[in-house]
Amino acid sequence: MEYNFRKILGGALIGLVGFFGLGFVWPIFGSIRVYQAALIARETALAEKTALIDQVKRLDSEAQTRKAEVDRLAELLPEDENSKEVLVSLDTLARESGLFIRNFKSSIRAESGGQIEGGQQILNVETVVSGTYPSFFTFMNQLEKSLRIFDVKEISISEKELSGPAGKILDFSLRIETYFNNGEE
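Numbering (full-length UniProt numbering) for the sequence shown: 1 to 185.
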């Protein structure tokens with residue numbers, strides 16, 4: 001009987017150890033699954049954040065490469081909102097023609113507040129563009145075809161010491177009048 005008691009006691013102890021072992025170990029396995037899911041979620045979030053950081057770095061480097069362009073336009077941008085539109089139009093025409101705007105000044109015509117019949121105002125523009133004579137000729141043709149009315153009042157040409165593949169680089173000083181609505185009718 002003692003032998004059976006030992007078998008029963010041994011079986012009971014093994015069963016008890018198995019029961020408590022599963023009771024304590026099984027929740028640990030469940031926790032491991034939860035931790036694995038959380039780890040995967042965090043790895044995904046880390047990958048997304050890394051991609052965003054890389055994109056920000058790329059955009060920052062692109063902004064640094066375009067800083068010279070932004071600085072050039074910031075120097076040229078006038079105070080008056082209407083002159084900004086004129087500057088953008090002239091800059092687009094100049095770039096398409098192969099010219100470079102070096103200086104830009106604008107003001108509303110002083111006499112009678114720059115007003116003409118119909119509520120329009122006259123904007124005086126003085127600008128200096130640099131480039132070759134053929135490029136300037138193309139610029140003037142495009143200026144004439146532009147939807148905005150540009151009245152060229154004065155042109156002066158000065159020669160620079162530089163020359164490019166298409167000829168000598170010249171400075172063209174222009175005095176232009178253009179018109180805009182002031183909103184009063």
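Glycine is no exception: its CB is placed at the ideal position from the N, C-alpha and C atoms.
Determine the burial state of residue i: buried for a count of at least 16 other Cβ atoms within 10 Å of its Cβ, exposed for fewer.
i: G131; result: buried
i: residue 219; result: Because the chain here runs from 1 to 185, residue 219 falls outside it and cannot be looked at.
i: L147; result: exposed
i: Q121; result: buried
i: F172; result: buried
i: L13; result: exposed
Return the residue from the list the options that minimises the CA-CA distance to residue i.
i: residue 212; options: Q142, E177, I53 and T138; result: The requested residue 212 does not occur in the structure, where the chain is confined to residues 1 to 185.
i: D151; options: T65, K57, N141 and T50; result: N141
i: S168; options: I28, P134, S97 and K145; result: First, the amino acid is wrong: residue 168 is Lys here, not Ser. The candidate whose alpha carbon is nearest that of K168 is P134.
i: R95; options: L143, I53 and K105; result: L143
i: E85; options: V125, I28 and I53; result: V125
i: F180; options: L123, V88, S106 and L52; result: L123
i: S107; options: S83, P27, L99 and S97; result: S83
Just the C-alpha distance for residue i and residue j, rounded to the nearest angstrom, thanks.
i: I101; j: V129; result: 4 Å
i: T138; j: I157; result: 16 Å
i: R66; j: N103; result: 20 Å
i: F136; j: K145; result: 14 Å
i: L22; j: E43; result: 31 Å
i: T92; j: Q55; result: 30 Å
i: Y35; j: A45; result: 15 Å
i: L59; j: D71; result: 17 Å
i: G30; j: A68; result: 59 Å
i: R109; j: A47; result: 59 Å
i: residue 187; j: I149; result: Because the chain in this structure spans residues 1 to 185, residue 187 falls outside the shown range and cannot be described.
i: E62; j: V25; result: 55 Å
i: L99; j: L87; result: 14 Å
What are the boundary residues of the alpha helix (DSSP H) that residue i is part of?
i: S107; result: First-last for S107: F100 to I108, but that is the beta strand (DSSP E), not the alpha helix (DSSP H).
i: T138; result: Y133 to K145
What is the C-beta distance between residue i and residue j, in whole angstroms, given that I count them as a contact (C-beta under 8 Å)?
i: L170; j: K160; result: 7 Å
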